[in-house]
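Engineer: Residue 120 in this note's numbering is what sits at position 133 of the sequence shown, and the numbering runs on without skipping anything.
Mind having a look at this structure? Questions to follow.
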Amino acid sequence: MTSIMGAFAQTNTMKEVKVGGVIRGKYEYQTEEGQGRFQVRTARINVSGKLNSKVDYKAEIDLCDEGKIKMLDAYTRLTLTDALKFSIGQKRVPFTIDAHRSPSEQYFANRSFIAKQVGNIRDVGAEIEYKFRLGFPVQLRVGIFNGSGLTNQKDFWTNNINFSSRVIAMLPIDLDVELSVQKIKPEHTDIYMYDIGATYHRNGFIAEAEFLYKHYGNHSFQSVKAFNSFVSYDIPFKKGLFKKASPLIRYDYMSDHSDGKHYLNGKEDSKGSLIVNDCKRSRITGGVTLSMDKSFLSDIRINYEKYFYGHNGVAKTSEKDKFVIEFMTRF
């Protein structure tokens, strides 16, 4: 009887559904315009769980992604062995360091250019994850995907192989090295992206640098280069409201960038050509993150962003010098 009850309890534990989410509310003030705004940047809800030791799942939706509702994750994952996993569905593809961070794991209130403009890709497909050792831990993820993004699934068919792959080597000197490559085809142009980065972490100090190269097929647009780097240091507190404060500073850069879609007279049109959707620019961001719990659970992010545009660069409405204070809560 005891063994039966134990097995029943284990089964129920496996089938428990976990509900989580992230809420990010913030205030921004653009210094040049003298204008400010409140914004709910993220309101994510997710459900996840395990059916048994071999099958788990996740579904996540954002109720306010810049004012829009988006389905983000919807996948099933199979644990084939201790080292090998297979997943199928919709998710963030294995590519880059910073673009792979969830909103709760970001170090700054606003994402880097790599994470927001150049390398931000979610798609539908299948993926294999394999972990092994070469004297140090290595994680390899390889997947094939539609290459169309999230919104074009119903009548999307392709004879192209669109893929993404990322390998992370966790070296025994507190250094993680990442290499990734990806090929997508949003419309009629093959786009290849290559990324390399490294993260050093020790005793509350973090330093990271990442470089991304984006090439458009048939020389339809000039290749894009993007760079992101930052340092952060945790200062723990023994008493008070905050558990720690983390001063941090970031430098990121991107050259003229196209989203890979064709435009004619300012509108999407397959008869048109690729255009500059994001002008060349660099940015310095400085600030402090105040943590009221463990890292990435309840943070207040206070940042100032200073933008530098090229001679003919045109700044978008929300891509200008600004102060930002953001309250992030993960549950």
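All C-beta atoms, glycine included, are put in the ideal place defined by N, C-alpha and C.
So, glycine 204 versus isoleucine 178, is the Cβ gap smaller than 8 angstroms?
Structural biologist: Within the sequence shown, the letter at position 217 stands for residue 204. Within the sequence shown, the letter at position 191 stands for residue 178. For glycine 204 and isoleucine 178, yes; Cβs fall inside 8 angstroms.
Engineer: Which whole runs of the beta strand (DSSP E) in the stretch 232 to 274 are 3 residues long or more, in chain order?
Structural biologist: Qualifying beta strand (DSSP E) stretches, in chain order: 249 to 251.
Engineer: How would you label histidine 175, buried or exposed, when you count the other beta carbons within 10 angstroms and need 16 or more for buried?
Structural biologist: Numbered from its first residue, the sequence shown carries residue 175 at position 188. Looking at its Cβ environment, which holds fewer than 16 other Cβ atoms inside 10 Å, histidine 175 is exposed.
Engineer: I'd like to know if the stretch 249 to 258 and the stretch 275 to 289 are in contact, where contact means that at least 3 CB-CB pairs between them fall below 8 angstroms.
Structural biologist: Fewer than three pairs of CB atoms, one per stretch, sit closer than 8 angstroms, so the stretch 249 to 258 makes no contact with the stretch 275 to 289.
Engineer: Buried or exposed: which applies to histidine 249, given that a residue is buried once 16 or more other Cβ atoms fall within 10 Å of its Cβ?
Structural biologist: The count along the sequence shown starts at 1 and reaches residue 249 at position 262. Flag for histidine 249 reads buried.
Engineer: Quick check: the stretch 149 to 161 against the stretch 117 to 137, are there 3 or more CB pairs under 8 angstroms?
Structural biologist: yes
Engineer: Rounded to whole angstroms, what's the CA-CA distance from threonine 186 to lysine 258? Just pull it up for me.
Structural biologist: Stepping through the sequence shown from its first residue, residue 186 is reached at position 199. Stepping through the sequence shown from its first residue, residue 258 is reached at position 271. Distance between the alpha carbons of threonine 186 and lysine 258: 43 angstroms.
Engineer: For the stretch 232 to 245 against the stretch 260 to 273, are there 3 or more C-beta pairs whose distance is under 8 angstroms?
Structural biologist: yes
Engineer: Which value, in whole angstroms, describes the spacing of the CA atoms of asparagine 190 and isoleucine 262?
Structural biologist: For this step, residue 190 is matched to residue 203 along the sequence shown. For this step, residue 262 is matched to residue 275 along the sequence shown. Approximately 45 angstroms between the Cα atoms of the pair.
Engineer: For alanine 325, name the three-state secondary structure that DSSP assigns.
Structural biologist: Lying before the first or after the last residue shown, residue 325 is absent from the chain, which here runs from -12 to 318.
Engineer: Indicate the three-state DSSP secondary structure (helix, strand or coil) for serine 91 in the structure shown.
Structural biologist: To locate residue 91, count along the sequence shown from 1; it is residue 104. Here DSSP, grouped into helix, strand and coil, assigns serine 91 to helix.
Engineer: Helix, strand or coil: how does DSSP classify asparagine 205 here?
Structural biologist: As a first step, residue 205 must be located in the sequence shown, where it is residue number 218. Three-state DSSP puts asparagine 205 in a helix.
Engineer: With H, G and I counted as helix, E and B as strand and the rest as coil, what does DSSP make of phenylalanine 318?
Structural biologist: On the sequence shown, position 331 is the one that residue 318 refers to. Looking at phenylalanine 318 - three-state DSSP - the assignment turns out to be coil, as it is neither helix nor strand.
Engineer: For the beta strand (DSSP E) holding methionine 180, just list the boundary residues, first then last.
Structural biologist: Here residue 180 is taken as the residue at index 193 of the sequence shown, counted from 1. Element bounds for methionine 180: 178 to 189.
Engineer: Per DSSP, what are the beta-bridge partners of lysine 13 in this structure?
Structural biologist: As a first step, residue 13 is located in the sequence shown; it is residue number 26 there, counting from the start. Per DSSP, Gln26, Glu313.
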